[in-house]
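Colleague: In this note's numbering, the protein residues as written are 2 to 387.
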C-alpha cells in the first residue's frame, strides 16, 4: 500500500468516508464504539506482559540468494535516458521507482533523488514530463507517487498539488486540494479512489487520519481510520492496526462502511511502522519496527488474521538491519511481495510454505518502489502457480 518512501520519510521526520472537504473536522461524526470480538489476550493485561513474536512464527530474510529466473533488474542508471511517456506510450506500467533523499548511492546526483521512473511490463523505462503536469522541472525531493493495481493510473504529488495520469491515453488531471502535501497515497482496487494523508497531519480536512479522493468527481472526504496504519480489504472494509502500548495490547480494528465494527487484540507485542500495509488478501500484512533497543523487537513484516487477531508469521530483517523491510503487495492469498528499501530489492514470500524468493535486484541503494499488484502477479505467474 503506502510503502517504503513514506515510511522512510516519516522515519526521517520522527522517519471509506466521512465529511466533505468543505466541512471542518469538528463536524465529522465519531466512529461507532469498537466491539471487541475474538480477543487473543485479556483486555486488562498490560502490554509489557506480552511476549515478542516467538521463534516458531519467525522466518529471517535470507542473507544471500540468487534472483529467480525472470527476476527484475531495477537499474535506474539505464532509466535516466528513457523517453517520456508522452513520446513513447506504454498503456500500463509494472512499477514506479525513485531514489530516496537519504540514499548514499554513488550515482545519486545523476539519477536525481526524488525523480520518479516508470518500468513497463517488458522491463523498459519511461519518464514523466513533470513540467507538463504543473510541477517544477526538477522533482521536489519528497515527491509522492502511487500506481494502480492494473498499472494504468499513476498519482504524483508535491506541495504544489496532486496529479493523476492515465497511461492509456497519457491524459492527466491536476487537483488543487486543501492539503499541504499529499503523502501515503494508495489507489483503491478499482482505481476510482485515491487515499492520502496530509503531511501536516494537524491540517483540515484530512488531518489527522487521512482522506479519500474520488478521482472522477474530485470530491475529498475524511476517513475515520489512520491511513498510516490502515489496510484496505474487501468492498467497504478496512483494517487498522494499532501497536501495543503500556496500557493495552495491540489491536486490529475492522471498519465496515466507515464505522468501526469489531476490534480484536493480539497475543504478542507489536510495533507497526508507518505507511500501513498492502490491500488485504486472506490476511493483513504490515511492516514492524521498534525504536527501542530490544533486539527481539527487530524490524520485519508481520502477517495477521483479521477476524481473530492471530499472528500467522513474521519475516524478520537480516541481523543488524532493522526497519528496512516493507509489505508491498499480496500477489495471491499466500504470496506477499516484500521490499528492502535500503537495498531496493524485492522478495516474494510464500507465507504458507515458508519460502522466500529473490525476485528483483536494484543497482542503486536507498530506493522507494511502488508496484502495480495485478501486473506484477502476471509477470510472476509461473512462480505463483500452486
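Don't be surprised by glycine CBs; every beta carbon is placed ideally from N, CA and C.
Which residues in the same chain have their Cβ closer than 8 Å to the Cβ of residue 106, if we skip the five residues on either side of it in sequence?
Modeller: Taken in chain order, the residues that qualify are 100, 112, 365, 366 and 367.
Colleague: If you compare alpha carbons, which of 216, 279 and 88 is closest to residue 173?
Modeller: Nearest of 216, 279 and 88 to residue 173, Cα basis: 216.
Colleague: If you drop the 5 nearest sequence neighbours on each side, which residues of the same chain put their C-beta closer than 8 Å to that of residue 72?
Modeller: Closer than 8 Å at Cβ, skipping near neighbours: 359, 360, 361 and 362.
Colleague: Note down, in chain order, each residue of its chain lying with its Cβ closer than 8 Å to the Cβ of residue 108, except the 5 sequence neighbours on either side.
Modeller: Taken in chain order, the residues that qualify are 77, 78 and 365.
Colleague: Could you pull out every residue in the same chain whose Cβ sits closer than 8 Å to the Cβ of residue 182, ignoring the five residues on either side in sequence?
Modeller: Answer for residue 182: 143, 145, 158, 159, 160, 199, 200 and 201, listed in chain order.
Colleague: According to the Cβ coordinates, are residue 307 and residue 240 closer than 8 Å?
Modeller: It is a contact, given that the beta carbons lie within the stated cut-off.
Colleague: What's the gap between the Cα of residue 154 and the Cα of residue 248?
Modeller: About 43 Å.
Colleague: Which of the three DSSP states, helix, strand or coil, is assigned to residue 222?
Modeller: The answer is strand: DSSP assigns residue 222 an E or B state.
Colleague: Taking the straight line between their C-alpha atoms, what separation do you get for residue 85 and residue 91?
Modeller: Taking the straight line from one Cα to the other gives about 10 Å.
Colleague: Please specify which runs of the alpha helix (DSSP H), each continuous and at least 4 residues long, are wholly inside the segment 69–139, giving them in chain order.
Modeller: The segment 69–139 contains these whole alpha helix (DSSP H) runs: 109–112.
Colleague: For the putative contact between residue 371 and residue 163, defined by C-beta atoms under 8 Å, what is the C-beta separation to the nearest angstrom?
Modeller: Actually they do not touch by this definition, with Cβ atoms about 15 Å apart.
Colleague: Would you mind working out which of 317, 135 and 168 sits nearest residue 327, comparing C-alpha positions?
Modeller: Measuring from the Cα of residue 327, the nearest candidate turns out to be 317.
Colleague: Using CA coordinates, which residue listed in 225, 64, 283 and 125 is at the minimum distance from residue 334?
Modeller: Nearest option by C-alpha distance: 283.
Colleague: Among residues of its own chain, excluding the 5 on either side of residue 374, which ones have a beta-carbon nearer than 6 Å to its beta-carbon?
Modeller: Contacts found: 150 and 330.
Colleague: If you run the structure through DSSP and keep just helix, strand and coil, what is residue 375?
Modeller: Helix, per DSSP.
Colleague: If you draw a straight line from the C-alpha of residue 296 to the C-alpha of residue 288, how long is it?
Modeller: Summary for residue 296: the model assigns pLDDT 49, below 50, so the residue's position carries little reliability, and this model does not support an answer.
Colleague: Can you give the beta carbon distance from residue 352 to residue 337, rounded, assuming they're within the 8 Å contact cut?
Modeller: Residue 352 to residue 337, Cβ: 6 Å. Contact.
Colleague: My parser needs the beta strand (DSSP E) runs of 3 or more residues fully inside the segment 172–239; what are they?
Modeller: Correct list: 172–176, 183–188, 194–199, 212–215, 221–223 and 231–233.
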